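Written out below as structure tokens is the structure these notes cover.
Residue numbers (our numbering): 54 to 144.
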């Protein structure tokens, strides 16, 4: 059994999508340079929107990774540094 209320809804969505597509195509034909600028701006905005959270996550991972590596290196280096030098830099 099919839902009879689904058909008008899908036809309405299809009609709306077709109208938006046709009006967009007309606008691109009438103003191609403006359409290119809008598409470029939307791409840049989308790129920033996606890249910003990724950059923050990578920056946090890198900083903690480098801090852990520096701590491990420092602990290993403590075994080879004379005590007088270690006391001097621990002040």
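Just so you know, even glycine gets a beta-carbon here, dropped at the ideal spot from N, CA and C. Small disclaimer: the values here were computed from a predicted structure and weren't measured.
When the beta-carbon positions are compared, residue 81 and residue 88 come within less than 8 angstroms of each other. Residues of the same chain with a CB within less than 7 angstroms of the CB of residue 127, apart from the 5 flanking positions on each side, do not exist.
Assignment of alpha helix (DSSP H) within the region 65 to 142, counting only whole runs of 4 or more residues, yields 85 to 131 and 136 to 142 in chain order.
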